[in-house]
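Here's the structure, in structure tokens; my notes come after.
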Amino acid sequence: MSSLLNPVRSLPSQIKALHATMKNPVEALPEAVYHERLVERRLMRQHIVYVCAPDLIREALVTRSHALDKGEGLRRAIGPGLGQGLLTAEGSHWRWQRQALAPVFRANATAAFLPAMTRATLACVHDLARQGGEVAIEQIMMRLTGRIIIETMLSDPEAVDADAMADGLAVFLHQTRWSLLGDLLGTPEWMPHPGKARGLAAARALRREAMTQISRRRAAMTHGTPSEFSTQESGPSPLPDDLLARLLAARDPETGRMMSDEEIIDNLLTFLTAGHETTALALAWTFDRLGRHPEIARSVQVEIDAVLGTDDVNGTGGDALAMEQVQKLTLTRAVLRESMRLTPPAPMIVREVSEPFALEGVQLHRGTRLIVPICALHRHRSLWSAPEIFDPSRFMSQDDGKEKQIDRFAYLPFGAGPRICIGASFAETEALVVMALILRHVTLTPMLREAPPGRMEITIRPAKPLLMAVTARNQGASVAQGVKPQVQP
1 MSSLLNPVRS LPSQIKALHA TMKNPVEALP EAVYHERLVE RRLMRQHIVY VCAPDLIREA
61 LVTRSHALDK GEGLRRAIGP GLGQGLLTAE GSHWRWQRQA LAPVFRANAT AAFLPAMTRA
121 TLACVHDLAR QGGEVAIEQI MMRLTGRIII ETMLSDPEAV DADAMADGLA VFLHQTRWSL
181 LGDLLGTPEW MPHPGKARGL AAARALRREA MTQISRRRAA MTHGTPSEFS TQESGPSPLP
241 DDLLARLLAA RDPETGRMMS DEEIIDNLLT FLTAGHETTA LALAWTFDRL GRHPEIARSV
301 QVEIDAVLGT DDVNGTGGDA LAMEQVQKLT LTRAVLRESM RLTPPAPMIV REVSEPFALE
361 GVQLHRGTRL IVPICALHRH RSLWSAPEIF DPSRFMSQDD GKEKQIDRFA YLPFGAGPRI
421 CIGASFAETE ALVVMALILR HVTLTPMLRE APPGRMEITI RPAKPLLMAV TARNQGASVA
481 QGVKPQVQP
């Protein structure tokens, strides 16, 4: 165990540490979190304990989960936009929502969303193949995952401007770091900060749009299938089976209670937030990293061609990807998981102690901030061999066909404990569909000599655009036909 509590650090050093934390919390982590089991520090008025060993993480997030909550800082930062959805709710209010929504995100339920994932991705593939040249891949992925989550939430992609909603969400989230800083310093919640007014206005607009969609769907349910769910060719269509429909139908299995409109708004925006930026950034970092390892990239494309075939998939009206195909993408999945080890989109789990307890002899009092630094855990020297090296074989089966043994609490891209990400299966499936369809038709080559560092806001974003050259693959896929390959410098 490493302690940074004594001797008491001077005010200038505290201010320096605070400035570093504000600039980039990941870079401001104590170096000890990469090799110690438990690290204590004090930052301004806050007692912080970093938990960096799998057994201690299990004890904290599972055994002691009742003694932890998300904390006032998170509610203060994102509550104005996301309300009391799954991400921010506590206690019985969180518990009933989790029980009601669990069936929505079961692994077998994700298959119903494959057509929407495929449609949106193929539209992106067409744009990339036609455009060629150089793109900022994180921006492309932001737009794509925004469209996927909107279509899986609302079915009708024309019902709402997905890009506008994604932009509004970005405006809201960008200023939340100031709210988190205010909580750390103990400033009043009403105090203004840069971007606050614009961010709150964006949050209000997002909530109004969500309410519009709920009212529209309730009207459809009350009066039968409306014209907006109809086509001239086929006549009236059944009401869609999307996330909104599932939220409207969700019931507490114990009481039968259904969600209010306010709770549905909270969770629609929670899913938009959690299912948009994190997946987009996971994909962007993965494409950049894969492009820096061309031999692995070629092996991934060979696997994709073998699983999907060389004929067009849905580009000329064929069926969407089947879950059986997605499950066969073993190397592609290993690449994604290894990339999320090196750059977890959500780099920290932060909890506030609500009931005192001890962890490996360290007393955690009420108000102590407990942090699982996932970004450090995934590079911890006692848990991973050559932790800085990109090695997808860590997540591949061994020669005897058995999965390699990685401690469940050493790899946490989706969190752990009762509050593990409810959409983990959805997110990984979405990422694999995107990787398979894009890499089937184009090759992406990094234009920057080195990958830029990551900078944490709530997620880990690249400090500058991940520029990549797009080259159409010459393997007969129809979306790439007629596109002149780009010559690499």
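Start counting the sequence shown at 1; every next residue gets the next number (the UniProt record's numbering). Every residue gets a Cβ at the ideal spot worked out from N, C-alpha and C, and that includes glycine. Treat the numbers as computed from the prediction; the structure is a model and nothing was measured.
The beta strand (DSSP E) runs lying completely inside the region 415–457 and spanning 3 residues or more are 442–446, 454–456, given in chain order.
Put simply, of Lys-23, Ala-116, Gly-454 the residue whose alpha carbon is nearest the alpha carbon of Arg-289 is Gly-454.
The count of Cβ pairs closer than 8 Å, one atom from the region 24–41 and one from the region 371–381, reaches three, so the stretches are in contact. Straight across, the Cα-Cα distance linking Ala-469 with Val-135 is about 6 Å. The closest CA to that of Thr-278, considering only Gln-139, Ala-107, Arg-130, Ala-346, is found on Ala-346. Note that the C-beta distance between Ala-472 and His-441 is below 8 Å. Taking a cut-off of 8 Å for Cβ pairs, the region 387–400 and the region 320–338 touch, as three or more such pairs fall below it. Per DSSP, Leu-29 lies in no alpha helix (DSSP H) segment and is marked neither H nor E. Within its own chain, the residues whose Cβ lies closer than 8 Å to the Cβ of Val-433, once the five positions on either side in sequence are excluded, are Leu-114, Met-117, Thr-118, Thr-121, Leu-321, Val-326, listed in chain order. Closest by C-alpha distance to Arg-292, out of Ala-89, Ala-159, Met-447, is Met-447. Leu-248 places its beta carbon 8 Å or farther from that of Ile-265. Within the region 249–322, complete alpha helix (DSSP H) segments of at least 4 residues are found at 261–274, 277–291, 294–308, given in chain order. Taking all protein chains shown into account, Ser-179 has 16 or more neighbouring C-beta atoms within 10 Å of its C-beta and is therefore buried. Contact between Arg-217 and Leu-243 is ruled out by a C-beta separation of about 11 Å, above the 8 Å threshold.
Collapsing the DSSP output to three states places Gly-73 in a helix.
When the five nearest sequence neighbours on each side are left out, the beta carbons in the same chain lying within less than 7 Å of the beta carbon of Phe-390 are those of Arg-289, His-293, Glu-338, Leu-342, in order along the chain. Val-39 and Ala-60 have their C-alpha atoms roughly 14 Å apart. Asp-407 and Pro-54 have their C-alpha atoms some 7 Å from each other. Pairing Ala-112 with Glu-324, the inter-Cα distance amounts to about 13 Å.
Between the region 168–176 and the region 456–467, the count of Cβ pairs shorter than 8 Å is three or higher; the stretches touch. Annotation for Arg-98: the continuous alpha helix (DSSP H) segment containing it runs 91–101. Per DSSP, Ile-406 lies in no beta strand (DSSP E) segment and is marked neither H nor E. Judged by their CB atoms, Gln-213 and Leu-272 are not nearer to each other than the 8 Å cut-off. By the Cβ criterion, the region 362–376 is not in contact with the region 423–439, since fewer than three pairs of Cβ atoms, one from each stretch, lie closer than 8 Å. Taking C-beta atoms as the reference points, Ile-349 and Phe-105 fail to come closer than 8 Å. Taking Leu-329 as reference, the option from Ser-354, Glu-355, Tyr-50, Val-302 with the minimal CA-CA separation is Val-302. Per DSSP, the unbroken beta strand (DSSP E) holding Leu-43 starts and ends at 38–43.
The C-alpha of Ala-284 lies about 12 Å from the C-alpha of Lys-464.
Excluding five sequence positions before and after Ala-203, the CB atoms of its chain that fall closer than 6 Å to its own CB belong to Pro-80, Gly-81, Phe-172, given in chain order. The Cβ atoms of Asp-183 and Gly-85 do not sit closer than 8 Å to each other. With fewer than 16 other CB atoms across the displayed protein chains lying within 10 angstroms of its CB, Leu-185 is exposed.
Ala-89 and Ser-299 have their C-alpha atoms some 43 Å from each other. Under the criterion of beta carbons closer than 8 Å, Glu-352 and Asp-161 do not qualify as touching, at roughly 37 Å. By a beta-carbon distance limit of 8 Å, Val-51 contacts Ile-57. Their separation comes to about 5 Å. Checking the DSSP bridge columns, you'll see His-378 has no partner listed.
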